[in-house]
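*Asks:* Per this note's numbering, the sequence shown starts with residue 159, numbered consecutively.
C-beta: ideal position from N, C-alpha, C; glycine also.
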Amino acid sequence: MTLLEKLNETDRFAKSIGAQITEMREGYAKAELTVEERHLNGGGVCQGGVMYTLADLAFAGVANCHGTLTLGISNTITFLKSGQLGDHIIAECTEVLDHRKMPYCDMKITNQNGDILAVMTGLAYRMNRPFEFDALM
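(1) List the endpoints of the continuous alpha helix (DSSP H) containing E163.
(2) To the nearest angstrom, report how far apart D273 and C204 are at their CA atoms.
(3) Here's the rule: buried if 16 or more other CB atoms are within 10 angstroms of the residue's CB, otherwise exposed. What is L238?
(4) Tell me the rounded alpha-carbon separation between V208 and A189.
(5) Determine the DSSP secondary structure at Y264, reduced to helix, strand or coil.
(6) How is the alpha helix (DSSP H) around V277 delimited, first residue to last?
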């Protein structure tokens with residue numbers, strides 16, 4: 159099983175909202191979803207937690223691509239623009255620092271027009287435990 163398949167299948171919460179990783183290579187991952195009624199908050203725009211979860215899924219792909227179980231320990235997100243019903247939102251994560259214990263990543267969430275909806279940073283912790291997969295994609 160590839161890492162892309164493994165995360166898309168085993169991250170049950172991300173799967174339940176329709177988020178999935180669509181592209182992955184060492185130090186980079188992209189996750190996507192289309193904003194549906196179920197993703198809207200009381201103000202009628204995409205719930206921030208949906209964008210956070212999408213970026214966190216991409217973050218999991220990058221953080222775990224080296225074959226060691228790695229879990230997020232600190233993320234900071236800044237919302238810049240609202241996602242709208244029907245928007246196709248994309249979270250791209252790039253590894254900034256491949257530290258042996260605490261890797262650091264940057265994420266950007268955009269819509270189908272390339273508008274930046276949010277930016278996020280993530281710090282993770284590498285466990286002393288393998289995270290096995292056959293290939294990235």
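*Replies:* Based on what the coordinates show:
(1) What you label residue 163 is simply residue 5 of the sequence shown in a count that begins at 1. Start and end: L161 to T168.
(2) Taking the first residue of the sequence shown as position 1, residue 273 is located at position 115. Taking the first residue of the sequence shown as position 1, residue 204 is located at position 46. Roughly 14 Å between the two C-alpha positions.
(3) In the sequence shown, the residue the question calls residue 238 occupies position 80. Classification for L238: exposed.
(4) Mapped onto the sequence shown, residue 208 falls at position 50. Mapped onto the sequence shown, residue 189 falls at position 31. When rounded, the distance between both Cα atoms is 12 Å.
(5) Mapped onto the sequence shown, residue 264 falls at position 106. It should be noted that the sequence gives Asp, not Tyr, for residue 264. Taken through DSSP and simplified to helix, strand or coil, D264 comes out as strand.
(6) Against the sequence shown, residue 277 aligns to sequence position 119. For V277, there is no enclosing alpha helix (DSSP H); the residue is found in the beta strand (DSSP E) stretching over I274 to P288.
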